[in-house]
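Participant: Have a look at this one.
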């Protein structure tokens, strides 16, 4: 399995961003895709996950009112949308198929 | 959420020596029905995505050198690098995937003395 994420984004505060994560190779409906972010020089921060087959999701409490995670099984692509962006959301966003492999990361910059 | 606490925050070890990183979970991550501990260990180098080293607390990922090993059960886990190599300089994270909300430790920075 290989995961390829969408390109860098620059957004204004208050807007939304959607990051995609396309899987290629053998994919199992039993698995999950997790989303993680990392601000520059900071620790890994778990955002949420989606069960590939059922579409069930779970998100960290911190993000529950702002994040939407979806998937499109026809294109083997998962999406993470974060709304009401603020400068503190500037970070590298990663997807991972379960615990591995990981996507290459998508830099989201929030700036006025 | 299950809180994951790593120790130490940073570690300096001589080349060829052993490095040990600990990870403690706020509750047991052992699923008794399959006797598996839902713990993963990652290595992250600057500008790179995390790389999986260990899963199920002690199973080495394919291609990972055998100097890396994981141990522990329940709430206490350890990542050991038996003979430190220059390329092992990195930040190491543990993660629990037992609960519906997965969580990471704060990371341990490993440097060469």
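Residue numbers (the numbering used here), protein chains in the order written: chain L, 8 to 119; chain S, 1119 to 1231. In this text, a Cβ means the ideal position worked out from N, Cα and C, and glycines have one as well.
What span of residues does the beta strand (DSSP E) with residue 118/L cover, start to end?
Facilitator: Here residue 118/L belongs to no beta strand (DSSP E), and DSSP marks it neither H nor E.
Participant: Return the first residue and the last residue of the beta strand (DSSP E) that residue 18/L is part of.
Facilitator: Note, residue 18/L: beta strand (DSSP E), 16 to 18.
Participant: Among 1189/S, 1161/S and 1151/S, which one has its Cα closest to the Cα of residue 1233/S?
Facilitator: Absent from the model: residue 1233/S. The displayed extent of chain S is 1119 to 1231, so no value can be given.
Participant: Could you tell me whether any Cβ in chain L is nearer than 8 Å to the Cβ of residue 1222/S?
Facilitator: So yes, residue 1222/S belongs to the interface.
Participant: Between residue 112/L and chain S, is any beta-carbon pair separated by less than 8 Å?
Facilitator: Yes - at least one Cβ of chain S is within 8 Å of the one on residue 112/L.
Participant: Per the DSSP calculation, residue 79/L is bridged to which residue(s)?
Facilitator: Paired residue(s): 84/L.
Participant: Residues of chain S with CB under 9 Å from residue 101/L, in chain order?
Facilitator: Within 9 Å Cβ-Cβ: 1167 and 1168.
Participant: Using DSSP's beta-bridge definition, name the partner residues of residue 10/L.
Facilitator: Per DSSP, 30/L.
Participant: Return the bridge partner residues of residue 1162/S from the DSSP annotation.
Facilitator: 1209/S, per the DSSP bridge assignment.
Participant: Of the choices 56/L, 101/L, 10/L and 91/L, whose alpha-carbon is the least far from that of residue 76/L?
Facilitator: Cα-wise, what sits closest to residue 76/L is 56/L.
Participant: Who pairs with residue 1188/S in a beta bridge, going by DSSP?
Facilitator: DSSP lists 1197/S as partners of residue 1188/S.
Participant: CB residue 18/L to CB residue 114/L, shorter than 8 Å?
Facilitator: In this structure, residue 114/L does not lie closer than 8 Å to residue 18/L by Cβ.
Participant: Going along the chain, which residues of its own chain have a beta-carbon closer than 6 Å to the beta-carbon of residue 1198/S, five neighbours each way excluded?
Facilitator: Cβ within range, chain order: 1138 and 1187.
Participant: Over what stretch of residues does the beta strand (DSSP E) that includes residue 1151/S continue unbroken?
Facilitator: From DSSP, residue 1151/S is part of no beta strand (DSSP E); its letter is neither H nor E.
Participant: Over what stretch of residues does the beta strand (DSSP E) that includes residue 43/L continue unbroken?
Facilitator: Taken as a continuous stretch (DSSP letters only), the beta strand (DSSP E) holding residue 43/L covers 39 to 45.
Participant: If we call anything under 8 Å between Cβ atoms a contact, is residue 102/L one with residue 53/L?
Facilitator: Not a contact, by the Cβ cut-off of 8 Å.
Participant: For chain S, is any of its Cβ atoms less than 8 Å away from the one on residue 121/L?
Facilitator: The structure shown does not extend to residue 121/L, since chain L spans only 8 to 119, so no value can be given for it.
Participant: When the Cα of residue 1211/S is compared with those of 1131/S, 1152/S, 1159/S and 1132/S, which residue comes out closest?
Facilitator: That would be 1159/S, whose Cα lies nearest to the Cα of residue 1211/S.
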